[in-house]
Amino acid sequence: MNPNYRQSLQQANQMLRTGKGADCARLCQQLLQQMPGEVNALQLLALGQQQSRDFVGADASFRAAISAAPQMPQGLLAYAAFLRQQERFTEAEKTLRKAAELAPGSPEVWNALARLFYQQGTWDEAMRCTLKATDIAPQMPALWELAAAIAQKQHNAPDAIALCRKGIGHNPSAPRLHYSLAQLLRQECDFAEAADAYEHAQQLGFDQPDVYRNRAEALLDSGDIDAALACADAGVERFPGHPLLQRTAAQLSFSSGAKRDHLEKLRVAVRHEPRNPALWQTLIELMKRLGQESEVEQTLLEAQRMGCPDTTSLQVLGALDMAQRGQKTKALDRLQRISKENPDDSYVQHYFAMQLLRYKNAERAETLCSQWLAKVPYDQTLLAYRGTALQLLGDPREAWLLDYDRMVVPVKVPAPPEFSSREAYFKELARVLEGLHHSNAQPIEQSVRGGTQTNGFLFRLKEQLLRGLETQLQLAIAQALQTLPTDEDHPFWCRNSRPNVARDLRMAGAWSVRLRDQGYHANHIHPEGWISSALYVSLPNEVQQGEGTEGHIQFGRPMRELGLDLAPRRIVKPVVGTLVLFPSYMWHGTLPFHSDQSRITVAFDLLPGA
1 MNPNYRQSLQ
11 QANQMLRTGK
21 GADCARLCQQ
31 LLQQMPGEVN
41 ALQLLALGQQ
51 QSRDFVGADA
61 SFRAAISAAP
71 QMPQGLLAYA
81 AFLRQQERFT
91 EAEKTLRKAA
101 ELAPGSPEVW
111 NALARLFYQQ
121 GTWDEAMRCT
131 LKATDIAPQM
141 PALWELAAAI
151 AQKQHNAPDA
161 IALCRKGIGH
171 NPSAPRLHYS
181 LAQLLRQECD
191 FAEAADAYEH
201 AQQLGFDQPD
211 VYRNRAEALL
221 DSGDIDAALA
231 CADAGVERFP
241 GHPLLQRTAA
251 QLSFSSGAKR
261 DHLEKLRVAV
271 RHEPRNPALW
281 QTLIELMKRL
291 GQESEVEQTL
301 LEAQRMGCPD
311 TTSLQVLGAL
321 DMAQRGQKTK
331 ALDRLQRISK
341 ENPDDSYVQH
351 YFAMQLLRYK
361 NAERAETLCS
371 QWLAKVPYDQ
381 TLLAYRGTAL
391 QLLGDPREAW
401 LLDYDRMVVP
411 VKVPAPPEFS
421 SREAYFKELA
431 RVLEGLHHSN
441 AQPIEQSVRG
451 GTQTNGFLFR
461 LKEQLLRGLE
471 TQLQLAIAQA
481 LQTLPTDEDH
491 PFWCRNSRPN
501 VARDLRMAGA
511 WSVRLRDQGY
521 HANHIHPEGW
531 ISSALYVSLP
541 NEVQQGEGTE
551 GHIQFGRPMR
561 ELGLDLAPRR
571 IVKPVVGTLV
581 LFPSYMWHGT
591 LPFHSDQSRI
601 TVAFDLLPGA
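Structure (structure tokens):
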């Protein structure tokens with residue numbers, strides 16, 4: 001091969017690497033006129049055509065390259081990757097089998113076969129091929145990562161962890177393997193070990209925002225909120241422009257009870273990266289959560305002066321600030337304009353409906369909600385807003401949408417057979433739950449006031465009593481669902497009409513809340529659920545024995561931000577061992593109480609379907 005030809009091939013390769021597939025293909029076609037059938041030019045031509053989406057041409061060129069060098073497994077590997085992209089899985093497998101015959105000792109071939117089977121969900125074959133590759137090349141960390149991922153897909157976390165550890169034994173300095181191990185350990189609730197593995201991955205060079213965020217979460221779950229905050233602080237020092245990491249650091253700062261400006265690092269970050277709209281949005285949303293409404297206008301003006309793009313979300317926040325400052329007409333006009341410009345954006349429609357209700361423009365709010373719900377019938381936020389609009393209008397359809405008598409369902413949760421009584425069971429459960437509350441203050445972005453909330457999905461924890469509680473809850477839920485009607489035309493009842501709905505229910509979230517003296521839940525809804533809940537595990541004497549409504553759960557009173565002085569439609573007295581189920585779109589909150597005893601609950605959201 002002459003030097004000029006080699007130089008042209010290098011140029012074509014560079015074009016391919018920089019995303020200029022069409023240019024690469026044209027240059028290769030010129031080269032092939034000089035040297036017809038030259039395999040390297042054919043291979044680059046095929047890749048250039050693939051990149052520029054000339055799939056018919058790419059297929060022909062790959063085949064020509066294989067014909068020109070039938071004993072070269074590299075050509076077969078490249079063609080198989082193309083076939084995988086086209087989802088021509090049978091042809092891809094046949095091509096890779098041929099490559100394995102030519103190069104049975106090639107880890108790349110077995111890796112490609114494993115990834116093909118992985119893509120199709122054929123886990124046993126994927127694992128067989130991956131382990132074949134690790135036998136040949138145990139020094140390739142990516143193969144062990146793949147093996148662990150396959151074991152995880154097979155719901156075999158112990159094997160996944162063992163494979164990660166074995167891979168680390170061969171590749172002790174592979175940072176991604178340590179990160180994968182950390183993720184698996186955290187999934188298995190080995191939080192302290194997970195935190196160590198995250199730290200090891202970071203020390204080996206896996207320096208990513210998610211390492212800090214996930215390690216902080218693992219440290220929090222292990223019970224060390226101070227270390228979690230220190231980790232998140234270090235993360236935002238390293239990656240100040242990462243909005244989710246900044247949000248995590250602010251949340252941990254607040255929940256730790258630290259005496260400092262929880263948004264200080266975020267305020268510094270927006271000035272260092274003024275054209276990062278997600279950072280400004282995070283700052284403003286947290287300012288509103290922390291009651292710093294008076295600073296929002298100046299912050300928005302500062303973002304504008306510093307050249308921050310005027311995103312839809314920032315425009316909405318600006319409109320909300322106008323409303324907060326009493327500029328009703330300007331706020332609604334802006335939201336109407338944004339709504340028309342973004343008809344499919346739920347973030348926009350939610351806030352537009354909210355402000356319409358705030359200014360008691362109920363008819364317009366009901367129309368907006370109905371139009372959106374025609375497209376997205378299970379949008380819990382707009383179902384809640386629609387219910388409030390119907391109430392303001394005195395519309396009888398409110399009673400159809402929100403039947404407080406039938407939709408709020410108290411049901412007793414039975415104790416497992418190993419407990420002598422329900423009283424003993426819930427007393428022990430309260431003791432276990434008390435030990436899971438590691439924060440010192442309420443979470444910023446939840447409804448809890450004057451209390452704490454557990455982190456993460458409650459029933460993932462290894463505590464045996466919690467595993468048993470999940471079983472007891474399923475029994476109570478199945479009993480309750482049998483009492484609920486079905487109605488295909490109703491946004492709540494219709495989801496109870498699915499076959500085996502009780503069996504196929506899944507929890508979209510589960511947590512515990514511990515309220516203390518004067519604690520309460522602000523009125524809210526659960527936007528990600530179908531059925532929401534409150535299980536009463538421990539109650540102060542003042543709540544159990546008092547004659548008033550302290551510590552009771554109320555339904556039908558909208559959130560404070562709507563500014564509507566509407567009375568609750570129903571108030572339910574909590575009883576230890578009772579689970580109260582209700583629609584996720586139904587406004588609910590807890591009334592404050594006075595006591596030196598804690599009020600401990602477990603809550604979760606349910607969704608139908610596997």
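Be aware that the sequence shown starts at 1, since it is given in UniProt numbering, and climbs by one per residue. A virtual CB, placed ideally from N, CA and C, is assigned to each residue, including glycine.
Based on the DSSP output, what are the partners of residue i in its beta bridges?
i	result
P583	I531
L515	G451, R599
M287	In DSSP, M287 forms no bridge with anything.
Y404	Y404 pairs with nothing; no bridge assigned.
H524	H588
R570	F555
F604	A510
P410	V580
Y536	T601
Can you give me the Cβ contacts of residue i inside the same chain, cut-off strictly under 7 Å, excluding the 5 residues immediately before and after it?
i	result
K462	C189
A8	First, the residue type needs correcting, since residue 8 is Ser and not Ala in the sequence shown. Result list for S8: L27, L31, in chain order.
T248	R213, A216, A232
V408	F555, R570, V572, V580, F582
L390	E366, R397, E398, L401
A353	A365, L368, C369, L382, Y385
Y378	P491
K328	Y359
A92	A80, L83, R84, L116
H155	none
If you check the beta carbons only, do residue i and residue j fall under 8 Å apart?
i	j	result
Q43	A12	no
V537	L429	yes
L96	A112	yes
F426	V576	yes
S584	Q298	no
Q315	E293	no
H170	Q139	yes
A60	Q50	no
L47	L16	yes
L320	L286	no
S109	P73	For clarity, residue 109 is Val in the given sequence; the question names Ser instead. Yes.
L184	A148	yes
W372	Q349	yes
G589	S447	yes
T221	G563	Rather than Thr, the amino acid found at residue 221 in this sequence is Asp. Not a contact, by the Cβ cut-off of 8 Å.
A137	L143	yes
My assumption, with CB atoms under 8 Å, is that residue i sits in contact with residue j. Please give the rounded CB distance.
i	j	result
Q246	A269	6 Å
Y385	A365	6 Å
Y198	G235	Between G235 and Y198 the Cβ distance is about 11 Å, and since that is not below 8 Å, they are no contact.
G509	D395	About 32 Å; that fails the 8 Å criterion.
S512	T454	5 Å
L252	A228	6 Å
S313	Y347	7 Å
G241	E273	4 Å
L568	R557	Inspection of the sequence shows that residue 568 is occupied by Pro rather than by Leu. That belief holds up - the Cβ atoms of P568 and R557 are roughly 4 Å apart, short of 8 Å.
P416	Q472	6 Å
L539	R599	6 Å
T130	A114	4 Å
S255	P443	6 Å
Q86	F55	7 Å
G529	L591	Wrong, their Cβ atoms sit about 22 Å apart, outside the cutoff.
Kindly indicate if chain C contains any beta-carbon less than 8 Å away from that of residue i.
i	result
A133	Among the chains of the structure shown, chain C does not appear; only one protein chain is present.
Excluding the 5 residues flanking residue i on each side, which residues of the same chain have their C-beta closer than 8 Å to its C-beta?
i	result
R560	A522, N523
A424	A415
D345	T312
H594	D517, Q518, E542, E550
Kindly list the residues whose CB is nearer than 6 Å to the CB of residue i, restricted to its own chain and excluding five residues on each side of it in sequence; keep chain order.
i	result
G318	L300
Q152	A160
A303	W280
M306	P274
W493	P485, T486, D487
Relative to the ligand SAM, is the shortest distance from any of its heavy atoms to the C-beta of residue i smaller than 7 Å?
i	result
G326	Absence of the ligand SAM is noted for the structure shown, with no ligands found whatsoever.
Does the stretch 165-181 touch the stretch 200-207, meaning 3 or more C-beta pairs lie closer than 8 Å? When C-beta atoms of the stretch 200-207 are compared with those of the stretch 165-181, three or more pairs fall below 8 Å, so the two segments count as touching.
Do the stretch 481-500 and the stretch 548-565 touch if we need at least three Cβ pairs shorter than 8 Å? no
Does the pairing of the stretch 510-523 with the stretch 474-486 give three or more beta-carbon distances under 8 Å? no
Any chance the stretch 435-450 sits against the stretch 158-171, with 3 or more Cβ pairs inside 8 Å? no
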